[in-house]
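**Q** Residues in the sequence shown are numbered consecutively from 13, following the numbering used here.
Handing you a structure now.
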Amino acid sequence: MTADLTPMDVAGRADRLRAAMAGAAVPALLVTNLTNIRYLTGFTGSAALLLVTEGELLFVTDGRYGQQAAAQLGAVGVDARIEVDNLKQREIVAAGVARAEASRLGLEADAVTWAAQRTYDETWFPQQELVPTTGLVGTLRLLKDDGEIDRLAAAAAIADAALAEVRPRLADGPTEVEFGLELDTAMRRLGADDVSFETIVASGPNGARPHHRPSDRRISEGDLVVIDFGALVDGYHSDMTRTVAVGELSATQQRMYDVVIESQAAGVAAVTDGIEAKAVDAACRAVIADAGWAEAFLHGTGHGVGLDIHEDPRVGQTSTATLTDRCVVTVEPGVYLPEHGGVRIEDTVVVTPDGCRPITLTPKLAAV
Numbered sequence: 013m014t015a016d017l018t019p020m021d022v023a024g025r026a027d028r029l030r031a032a033m034a035g036a037a038v039p040a041l042l043v044t045n046l047t048n049i050r051y052l053t054g055f056t057g058s059a060a061l062l063l064v065t066e067g068e069l070l071f072v073t074d075g076r077y078g079q080q081a082a083a084q085l086g087a088v089g090v091d092a093r094i095e096v097d098n099l100k101q102r103e104i105v106a107a108g109v110a111r112a113e114a115s116r117l118g119l120e121a122d123a124v125t126w127a128a129q130r131t132y133d134e135t136w137f138p139q140q141e142l143v144p145t146t147g148l149v150g151t152l153r154l155l156k157d158d159g160e161i162d163r164l165a166a167a168a169a170i171a172d173a174a175l176a177e178v179r180p181r182l183a184d185g186p187t188e189v190e191f192g193l194e195l196d197t198a199m200r201r202l203g204a205d206d207v208s209f210e211t212i213v214a215s216g217p218n219g220a221r222p223h224h225r226p227s228d229r230r231i232s233e234g235d236l237v238v239i240d241f242g243a244l245v246d247g248y249h250s251d252m253t254r255t256v257a258v259g260e261l262s263a264t265q266q267r268m269y270d271v272v273i274e275s276q277a278a279g280v281a282a283v284t285d286g287i288e289a290k291a292v293d294a295a296c297r298a299v300i301a302d303a304g305w306a307e308a309f310l311h312g313t314g315h316g317v318g319l320d321i322h323e324d325p326r327v328g329q330t331s332t333a334t335l336t337d338r339c340v341v342t343v344e345p346g347v348y349l350p351e352h353g354g355v356r357i358e359d360t361v362v363v364t365p366d367g368c369r370p371i372t373l374t375p376k377l378a379a380v
């Protein structure tokens with residue numbers, strides 16, 4: 013599938029990071045977050061360190077990944093010194109810092125434990141001032157290039173097609189686990205590398221639990237079924253929620269559904285380049301509050317999506333983020349009433365200069 017997708021400019025990301033490092037007065041940065049390492053190099057293995065300096069990229073891994081690292085970095089044109097060693101990684105990275113003549117070394121504050129920081133300070137880099145950094149790579153990841161958006165849209169299209177294929181099965185009374193398995197299998201059969209996260213299938217009273225795990229409860233007449241799921245394509249996630257009614261809706265269930273549809277539409281309509289993320293949350297929340305269900309909206313309105321299923325920018329009441337062109341976020345308000353079930357509707361959208369473009373396209377149909 014990736015052969016048909018727009019190429020990503022992975023090789024150009026290190027220079028953009030170096031510019032951010034210069035602005036933060038960090039001449040060297042040790043990247044330990046594996047997702048950030050993938051973003052900067054294309055490497056998908058489970059063990060690596062990446063030292064970024066003005067003069068070089070030093071990529072260090074162990075013996076399991078030597079050939080893989082050379083192939084993956086080469087495939088995306090990343091020019092790096094690749095060192096493969098199981099025992100002397102400390103010495104290799106320290107030598108890289110020495111070559112850069114860096115007196116200050118940045119660490120990723122969100123990815124380094126207290127114990128690791130002490131080890132780096134006392135053993136690995138005793139001559140350097142260690143500087144906690146936040147967002148140097150994350151800020152770059154906020155804005156998706158054409159290749160990233162293409163992968164996100166491909167993952168969303170697989171999820172759309174999979175739900176269309178298995179959705180009629182809800183009328184047959186499967187258990188939540190059975191339906192989730194069928195949906196996951198359909199996504200893989202249609203080309204997904206994996207699922208984005210553990211699929212949520214929450215029926216009847218379980219729908220009032222926003223992150224319910226599928227159970228052996230059998231889906232039955234009169235249930236609202238919350239289905240939250242996504243596909244993974246070349247490392248990029250999709251994320252969509254649809255709520256389906258099995259049989260006729262009660263008057264309260266219909267009102268819940270109508271309110272959430274209106275709320276979600278208000279949030280999507282609010283998304284545009286330059287809007288504060290909390291304003292999108294407020295647009296969704298106002299509709300639900302006006303319906304008298306403010307306390308039944310139990311979570312934030314959305315989040316960024318990319319190489320991580322939940323990443324910046326966050327879309328919630330306390331968010332300080334501003335949405336900008338090429339951010340990709342979800343809009344997913346919900347109402348949860350234990351005696352009636354739950355309704356959540358979620359789309360993933362790409363922010364544009366004059367609004368947004370949804371990439372999750374499944375119709376918002378209420379019943380099966």
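In this text, a Cβ means the ideal position worked out from N, Cα and C, and glycines have one as well.
1) Whole-angstrom Cβ separation of Val143 and Leu182, contact assumed at under 8 Å?
2) Would you mind giving the Cβ-Cβ distance between Gly216 and Gly353, rounded to the nearest angstrom? I have them listed as a contact below 8 Å.
3) Just to confirm before moving on: does the CB-CB distance between Arg338 and Leu155 stay below 8 Å?
4) In terms of alpha-carbon separation, which member of Asp251, Gly234 and Thr211 lies closest to Ala169?
5) Among the residues of its own chain, which have a CB less than 6 Å from the CB of Gln84, if the five just before and after it don't count?
6) What are the boundary residues of the alpha helix (DSSP H) that Ser275 is part of?
7) Residue range of the alpha helix (DSSP H) that Ile161 falls in?
8) In angstroms with no decimal places, state the Cα-to-Cα distance between Asp270 and Glu344.
9) In chain order, what residues of the same chain lie with their CB nearer than 6 Å to the CB of Arg102, ignoring the 5 residues before and after it?
10) Using only CA atoms, which one of Arg267, Val207, Arg225 and Ala165 lies nearest to Val341?
11) Between the alpha carbons of Arg229 and Glu194, how many angstroms are there, rounded?
12) DSSP on Met252, reduced to helix/strand/coil?
13) Within the same chain, show all residues whose beta-carbon is closer than 8 Å to that of Gly78, passing over the 5 residues directly before and after it, in chain order.
14) Taking the C-alpha atoms as reference points, what is the distance between Met268 and Ala289?
**A** Taking the structure as given:
1) About 53 Å separates the two Cβ atoms, so there is no contact after all.
2) 6 Å
3) yes
4) Asp251
5) Gly54 and Phe55
6) Ala263 to Ala282
7) Asp158 to Val178
8) 14 Å
9) Trp136
10) Ala165
11) 16 Å
12) strand
13) Ile94 and Val96
14) 24 Å
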